[in-house]
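Peer 1: First to last, the protein sequences are chains F and R.
Numbered according to our numbering, the first sequence terminates at residue 277, and the numbering increases by one at each position without gaps.
Numbered according to our numbering, the second sequence terminates at residue 23, and the numbering increases by one at each position without gaps.
Every residue, glycine too, gets a C-beta built ideally from N, C-alpha and C.
All values reported here derive from a predicted model rather than from experimental measurement.
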Amino acid sequence: MLELRLVQGGLLKKVLESIKDLVNDANFDCSATGFSLQAMDSSQVAVVALLLRPEGFERYWCDRNISMGMNLNNMAKMLKCAGNDDIITLKAEDGSDTVTFMFESPTQDKIADFEMKLMDINSERLGFPEADYHAIVRMPSSEFARICKDLSSIGNTVVISVTKEGVRFSTRGDIGTANVVCRQNTAVDKPEEATIIEMNEPVSLTFGLRYMNSLTKATPLSNTVTLSLSSGLPAVVEYRIAEMGYIRFYLAPKIEE
Amino acid sequence: LILQPCLMCFYPLY
Numbered sequence: 021m022l023e024l025r026l027v028q029g030g031l032l033k034k035v036l037e038s039i040k041d042l043v044n045d046a047n048f049d050c051s052a053t054g055f056s057l058q059a060m061d062s063s064q065v066a067v068v069a070l071l072l073r074p075e076g077f078e079r080y081w082c083d084r085n086i087s088m089g090m091n092l093n094n095m096a097k098m099l100k101c102a103g104n105d106d107i108i109t110l111k112a113e114d115g116s117d118t119v120t121f122m123f124e125s126p127t128q129d130k131i132a133d134f135e136m137k138l139m140d141i142n143s144e145r146l147g148f149p150e151a152d153y154h155a156i157v158r159m160p161s162s163e164f165a166r167i168c169k170d171l172s173s174i175g176n177t178v179v180i181s182v183t184k185e186g187v188r189f190s191t192r193g194d195i196g197t198a199n200v201v202c203r204q205n206t207a208v209d210k211p212e213e214a215t216i217i218e219m220n221e222p223v224s225l226t227f228g229l230r231y232m233n234s235l236t237k238a239t240p241l242s243n244t245v246t247l248s249l250s251s252g253l254p255a256v257v258e259y260r261i262a263e264m265g266y267i268r269f270y271l272a273p274k275i276e277e
Numbered sequence: 010l011i012l013q014p015c016l017m018c019f020y021p022l023y
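1) When you compare each of F:Ile-267, F:Gly-147 and F:Pro-254 to F:Asn-281 by their alpha carbons, which one comes out closest?
2) Which residues of chain R have a Cβ atom closer than 9 Å to the Cβ of F:Leu-32, listed in chain order?
3) Where do the ends of the beta strand (DSSP E) carrying F:Ile-267 lie?
4) Under 9 Å between beta-carbons, which chain R residues line up against F:Leu-146? List them in chain order, please.
5) Please classify F:Met-88 as buried or exposed, where buried requires at least 16 neighbouring CB atoms within 10 angstroms.
6) Quick one: residues in its chain with C-beta nearer than 7 Å to the C-beta of F:Asn-233, no 5 flanking neighbours on either side, listed in chain order?
7) So, do the stretch 92–99 of chain F and the stretch 26–40 of chain F have three or more beta carbon pairs nearer to each other than 8 Å?
8) Span of the beta strand (DSSP E) holding F:Arg-188?
9) Using a Cβ-Cβ distance under 7 Å, would F:Gln-58 count as near chain R?
10) Please report the Cβ distance between F:Val-182 and F:Ser-190, rounded to the nearest whole angstrom; I am assuming they are in contact, meaning their Cβ atoms lie under 8 Å.
11) What is the residue span of the alpha helix (DSSP H) that F:Leu-171 lies within?
12) Assuming F:Leu-22 and F:Leu-110 form a contact by the criterion Cβ under 8 Å, report the distance between their Cβ atoms to the nearest whole angstrom.
13) Assuming F:Val-223 and F:Ala-155 form a contact by the criterion Cβ under 8 Å, report the distance between their Cβ atoms to the nearest whole angstrom.
14) Residues of chain R with CB closer than 7 Å to the CB of F:Ala-255, please, in chain order.
15) Are the C-beta atoms of F:Ile-275 and some chain R residue less than 7 Å apart?
16) So F:Ala-112 and F:Ile-86 are in contact, right, with Cβ under 8 Å, and what is the actual spacing, rounded?
17) Just to make sure I have the definition right: I need the residues of chain R whose C-beta is within less than 9 Å of the C-beta of F:Thr-226. Which are they?
18) In the DSSP output, which residue or residues are listed as bridge partners for F:Lys-111?
19) May I ask you to list the residues that DSSP assigns as paired with F:Thr-244?
20) Looking at the secondary structure, which residues open and close the beta strand (DSSP E) in which F:Ser-87 lies?
21) Sort F:Asp-106, F:Arg-145, F:Ala-66 and F:Ala-262 by Cα distance to F:Lys-274 and report the nearest one.
22) Is the Cβ of F:Val-65 closer than 7 Å to any Cβ of chain R?
23) Determine the closest residue to F:Glu-185 out of F:Lys-237, F:Arg-84, F:Asn-205 and F:Glu-263, with distance taken between C-alpha atoms.
24) In the structure shown, what three-state DSSP assignment does F:Lys-280 receive?
Below you can see the structure in the form of structure tokens.
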């Protein structure tokens, strides 16, 4: 049996909104480590990895490891029926082919339950070895989203280059070219507004802007985003979910031949 | 020519 009570129900709504366009179906795994998911997009270029640790839940009960296959669009439809301030509880009985989402209003005057059919999903998992990245950039998530959106009106791919100068986002299209350079900036009022660049080696990687734009849907989950980059390796784009865990995207770079 | 490899080219599958 499984019962997970999340006081910040709005968080789960935001998680679903950030991944439902990238991935259709996914197994949610529940274990002592937390409530997690690893799923690949249909073109096998991006992987989303989510972890919500048990400490973030008011009640985290799961007496054995459970994997629940869900259609993310259907799950998002159900979670849209929860208010942003609602408490969300997930419940599943042993051996059941359904999961129940219970929504409680903060004042406890409205309680709703939605039962959703589970599905069997054969998902293969990727192993992500620890890597020493050539460069790690932390910047405001809204700024990163803005740059990806702006560049996608000009070109289809973005070259992300980290040098001593800063981090450069470049694109090229039929109408012209665009370059945005962000320099390290720690002289800010709030720490989340800082841009911090750790560079061991210069690195330059090319990515499809369609994917980059898709993963910036996680922006409402965190004020900052971290880009971990190494030559010839997928980028890791991480949004930390305060005190609970993270949502990470692994995105394969394009390669010139 | 710019190619888009899939993630399995980089990481092992379990």
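Peer 2: From the atom records:
1) Outside the shown range of chain F, which is 21 to 277, sits residue 281 of chain F, and nothing can be said about it.
2) For this step, residue 32 of chain F is matched to residue 12 along the first sequence. Within 9 Å Cβ-Cβ: nothing; F:Leu-32 doesn't reach chain R, min ~26 Å.
3) On the first sequence, residue 267 of chain F is found 247 positions in, with the first residue counted as 1. Where F:Ile-267 is concerned, the enclosing beta strand (DSSP E) stretches over 265–271.
4) In the first sequence, counting from the first residue as 1, residue 146 of chain F sits at position 126. Leu-16, Met-17, Phe-19, Tyr-20, Pro-21, Leu-22 and Tyr-23, listed in chain order.
5) Indexing the first sequence from 1 puts residue 88 of chain F at position 68. That one is buried.
6) By one-based count along the first sequence, residue 233 of chain F stands at place 213. Cβ neighbours of F:Asn-233 beyond the five flanking positions: Cys-168, Lys-169 and Ser-172.
7) The stretch 92–99 of chain F vs the stretch 26–40 of chain F: in contact.
8) Within the first sequence, numbered from 1, the residue matching residue 188 of chain F stands at position 168. That run of the beta strand (DSSP E) goes 186–193.
9) In the first sequence, counting from the first residue as 1, residue 58 of chain F sits at position 38. Answer no: the Cβ-Cβ gap between F:Gln-58 and chain R never drops below 7 Å.
10) The residue given as residue 182 of chain F occupies position 162 in the first sequence. The residue given as residue 190 of chain F occupies position 170 in the first sequence. Contact flag wrong, Cβ pair sits at about 12 Å.
11) For the purposes of this step, residue 171 of chain F is identified with residue 151 of the first sequence, where counting begins at 1. Per DSSP, the unbroken alpha helix (DSSP H) holding F:Leu-171 starts and ends at 161–172.
12) Counted from its first residue, the first sequence places residue 22 of chain F at position 2. Counted from its first residue, the first sequence places residue 110 of chain F at position 90. Between F:Leu-110 and F:Leu-22 the Cβ distance is about 7 Å, and since that is below 8 Å, they are a contact.
13) The residue given as residue 223 of chain F occupies position 203 in the first sequence. The residue given as residue 155 of chain F occupies position 135 in the first sequence. With 8 Å as the limit, F:Val-223 and F:Ala-155 qualify as a contact, their Cβ atoms being about 5 Å apart.
14) Here residue 255 of chain F is taken as the residue at index 235 of the first sequence, counted from 1. Here the premise fails: no neighbours, minimum Cβ distance about 11 Å.
15) Against the first sequence, residue 275 of chain F aligns to sequence position 255. Closer than 7 Å to some Cβ of chain R, the Cβ of F:Ile-275 qualifies, so yes.
16) The count along the first sequence starts at 1 and reaches residue 112 of chain F at position 92. The count along the first sequence starts at 1 and reaches residue 86 of chain F at position 66. Confirmed, about 7 Å.
17) Looking up residue 226 of chain F in the first sequence gives position 206. The answer, in chain order, is Ile-11.
18) Indexing the first sequence from 1 puts residue 111 of chain F at position 91. DSSP, once it has assigned bridges, lists F:Glu-23 and F:Thr-120 as partnering F:Lys-111.
19) Position 224 of the first sequence, counted from the first residue, corresponds to residue 244 of chain F. The partner list for F:Thr-244 (beta bridge, DSSP) reads F:Pro-160.
20) Mapped onto the first sequence, residue 87 of chain F falls at position 67. For F:Ser-87, the uninterrupted beta strand (DSSP E) run begins and ends at 86–91, by DSSP.
21) Taking the first residue of the first sequence as 1, we reach residue 274 of chain F at position 254. The candidate whose alpha carbon is nearest that of F:Lys-274 is F:Ala-66.
22) Position 45 of the first sequence, counted from the first residue, corresponds to residue 65 of chain F. True, the Cβ-Cβ gap to chain R drops below 7 Å.
23) Looking up residue 185 of chain F in the first sequence gives position 165. It is F:Asn-205.
24) Not covered by the structure: residue 280 of chain F. The range shown for chain F is 21 to 277.
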